[in-house]
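S.K.: Sharing a structure with you now.
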Amino acid sequence: MKLKKQIVQWHDSYSVGIHLVDEQHKELINLTNKLYEASIQGWDKSKDAFMNTVHAAVDYAGYHFSTEEKIMERINYPDYLSHKKEHSDFVKEVLRQVQDFQAGQKVSANDFVLFLKNWVLTHIAVCDKKMGLYLIKLKREGALHNITMQIKQETPTGAEGVRLIIK
Ligand SMILES: [Fe+2]
């Protein structure tokens with residue numbers, strides 16, 4: 006079996022202690038690797054695959070951020086607004102870079118993938134971990150015991166309800 010090239014791999018230390026969020030982070034890492042694979046094949050060869058994956062990644066990131074924001078709202082997270090701003094700043098920056106790609110500007114696909122990788126890992130390690138620790142603290146205090154939270158939202162592939170179970 007041919008080994009796929011990866012720029013980033015999931016590690017258990019990235020876990021924020023919320024299964025649903027961890028699974029979504031794994032998918033973001035998977036999409037980052039797909040972009041990496043396309044970027045190293047040369048722009049002419051992989052432009053279409055790269056752009057398709059960029060659009061899939063933008064959709065998935067929006068879906069994932071919305072999950073986290075619903076969790077933060079649900080637990081009255083004190084840093085909700087600053088965390089949400091990190092998400093929207095990231096989306097703006099990605100869309101700006103996508104526009105550059107579409108306008109045919111000479112932008113490096115490799116730089117874009119590196120930006121993505123660094124942002125995702127730093128955001129998980131700092132902001133998302135902080136959110137996870139807050140949720141764990143609430144659970145320890147008994148404030149969130151045995152709560153099943155229904156998050157209704159659209160997935161990139163269609164309507165779907167997402168369940169967050171806090172035990
Ligand atoms: Fe986040």
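One rule links them: number in the numbering used here = place in the sequence shown (from 1) + 5.
Yeah, the Cβ is synthetic: ideal placement off N, Cα and C, and Gly gets one too.
Computed from a predicted structure; not experimentally measured.
1) Are there any heavy atoms of ligand 1 lying less than 7 Å away from the beta-carbon of residue 73, as far as the coordinates show?
2) Can you have a look at residue 73 and say buried or exposed, based on whether 16 or more other CB atoms are within 10 angstroms of its CB?
3) Starting from residue 38, follow the alpha helix (DSSP H) in both directions and report where the run begins and ends.
4) For residue 16, which of helix, strand or coil comes out of DSSP?
5) Quick one: is residue 29 buried, meaning 16 or more other Cβ sit within 10 Å of its Cβ, or exposed?
6) Kindly examine ligand 1 and report whether one of its heavy atoms sits closer than 7 Å to the Cβ of residue 24.
7) For ligand 1, any of its heavy atoms closer than 7 Å to the Cβ of residue 94?
8) List the whole-angstrom C-beta distance separating residue 34 from residue 96, where the pair is believed to meet the contact cut-off of C-beta under 8 Å.
9) Identify the continuous alpha helix (DSSP H) that holds residue 105 and give its terminal residues.
10) Thinking C-beta only, is residue 36 closer than 8 Å to residue 5?
11) Under 8 Å Cβ to Cβ from residue 50, same chain only, skipping five residues before and after it: list those, please.
12) Could you round the C-beta distance between residue 139 and residue 80 to whole angstroms and report it? I think they count as a contact, below 8 Å.
13) From residue 57 to residue 106, what distance separates their C-alpha atoms?
M.R.: This is what the structure holds:
1) Taking the sequence shown and counting its residues from 1, the one referred to as residue 73 is at position 68. At least one heavy atom of ligand 1 lies closer than 7 Å to the C-beta of residue 73.
2) Here residue 73 refers to the residue found at position 68 of the sequence shown. Per the 10 Å Cβ criterion, buried.
3) Here residue 38 refers to the residue found at position 33 of the sequence shown. Residue 38 -> alpha helix (DSSP H) spans 24-44.
4) Walking along the sequence shown from the start, residue 16 turns up at place 11. In the structure shown, residue 16 sits in coil (DSSP, three-state: anything other than H, G, I, E or B).
5) Here residue 29 refers to the residue found at position 24 of the sequence shown. Buried is the call here.
6) For the purposes of this step, residue 24 is taken as residue 19 along the sequence shown, with counting starting at 1. Not under cutoff, so the answer is no.
7) Numbered from its first residue, the sequence shown carries residue 94 at position 89. Checking the Cβ of residue 94 against ligand 1 gives no.
8) For the purposes of this step, residue 34 is identified with residue 29 of the sequence shown, where counting begins at 1. For the purposes of this step, residue 96 is identified with residue 91 of the sequence shown, where counting begins at 1. Wrong, their Cβ atoms sit about 18 Å apart, outside the cutoff.
9) If you number the sequence shown from 1, residue 105 lands on position 100. Residues 85-107.
10) Here the chain covers residues 6 to 172 and nothing more, so residue 5 does not appear.
11) By 1-based counting over the sequence shown, the position of residue 50 is 45. Taken in chain order, the list of residues that qualify is empty.
12) Looking up residue 139 in the sequence shown gives position 134. Looking up residue 80 in the sequence shown gives position 75. Contact holds; Cβ gap of about 7 Å.
13) By one-based count along the sequence shown, residue 57 stands at place 52. By one-based count along the sequence shown, residue 106 stands at place 101. The alpha-carbon atoms of residue 57 and residue 106 are separated by roughly 12 Å.
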